[in-house]
Structure formats: C-alpha cells, structure tokens
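Numbering (the numbering used here), first residue to last: 5 to 91. Note that CB positions come from ideal geometry on N, CA and C, so glycine has one too. Given the structure is predicted, the values throughout are model-derived calculations rather than measurements.
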Amino acid sequence: MAQREAYDVIVVDRMLPGLDGLAIVRSLRAAKVGTSALFLTSIGGVDDRVEGLETGGDDYLTKPFAFSELLARVNALGRRCRSRRRC
5 MAQREAYDVI VVDRMLPGLD GLAIVRSLRA AKVGTSALFL TSIGGVDDRV EGLETGGDDY
65 LTKPFAFSEL LARVNALGRR CRSRRRC
C-alpha cells in the first residue's frame with residue numbers, strides 16, 4: 005500500500021499475522037519509498053531496537069506506551085518528512 009500511495013508516516017509492528025515488520029520496512033526501502041517508518045512493538049530489547057533502525061526504521065517505540073508519546077513521535081516524523089519533502 006505504501007508503495008502505491010504517499011504517506012508521511014507509517015506505523016508498523018514487528019510481529020504481524022503472517023508478516024514480519026522488518027521485511028515490510030526493508031522492502032519499502034529497497035523500493036526507494038521515503039515514507040518515515042515508526043516501529044510500534046512489544047519487542048523491546050536493545051538489539052531489537054537497533055535492528056529495527058538499521059533496517060530502515062526512523063523511530064522505535066515499545067509497548068506499553070503513552071498515547072501522547074506516540075502522537076508526538078508521529079507528528080515529529082511527519083514534520084521531518086514534509087520539511088525534507090521525502091514523503
């Protein structure tokens with residue numbers, strides 16, 4: 005979907021039914037899709053967070069989380085995307 009439509013930010017879980025969030029972000033980056041990607045997941049080890057960012061994620065937030073923090077992160081990524089015109 006993000007390969008066909010323009011989005012400022014996508015929020016993706018690391019563990020999706022039948023999918024791997026890392027693979028989704030990896031495929032978007034391989035297709036040169038510049039949409040900011042925020043991982044929102046219960047997988048929160050340091051190595052997991054680093055892997056998510058190195059795969060092409062722009063931010064990583066673990067569950068449980070405060071909705072205000074999620075909103076602030078999405079807004080920040082959206083501003084960054086629009087200021088760089090990379091979305």
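Of all the options 82, 86 and 88, which has the alpha carbon lying nearest to the alpha carbon of residue 13?
On the sequence shown, residue 13 is found 9 positions in, with the first residue counted as 1. It is 82 whose Cα lies nearest to the Cα of residue 13.
Straight-line CA distance for residue 11 to residue 58?
Counting from 1 along the sequence shown, the entry for residue 11 is found at position 7. Counting from 1 along the sequence shown, the entry for residue 58 is found at position 54. The alpha-carbon atoms of residue 11 and residue 58 are separated by roughly 21 angstroms.
Using 9 angstroms as the threshold, is the C-beta distance between residue 48 and residue 29 below it?
Residue numbering aside, residue 48 sits at position 44 when the sequence shown is read from its first letter. Residue numbering aside, residue 29 sits at position 25 when the sequence shown is read from its first letter. Cβ atoms of residue 48 and residue 29: not closer than 9 angstroms.
According to DSSP, residue 41 sits in a beta bridge with which residue or residues?
Taking the sequence shown and counting its residues from 1, the one referred to as residue 41 is at position 37. The partner list for residue 41 (beta bridge, DSSP) reads 14.
Return the CA-CA distance between residue 68 and residue 34, expressed in angstroms with no decimal places.
Numbered from its first residue, the sequence shown carries residue 68 at position 64. Numbered from its first residue, the sequence shown carries residue 34 at position 30. Cα-Cα distance, rounded: 30 angstroms.
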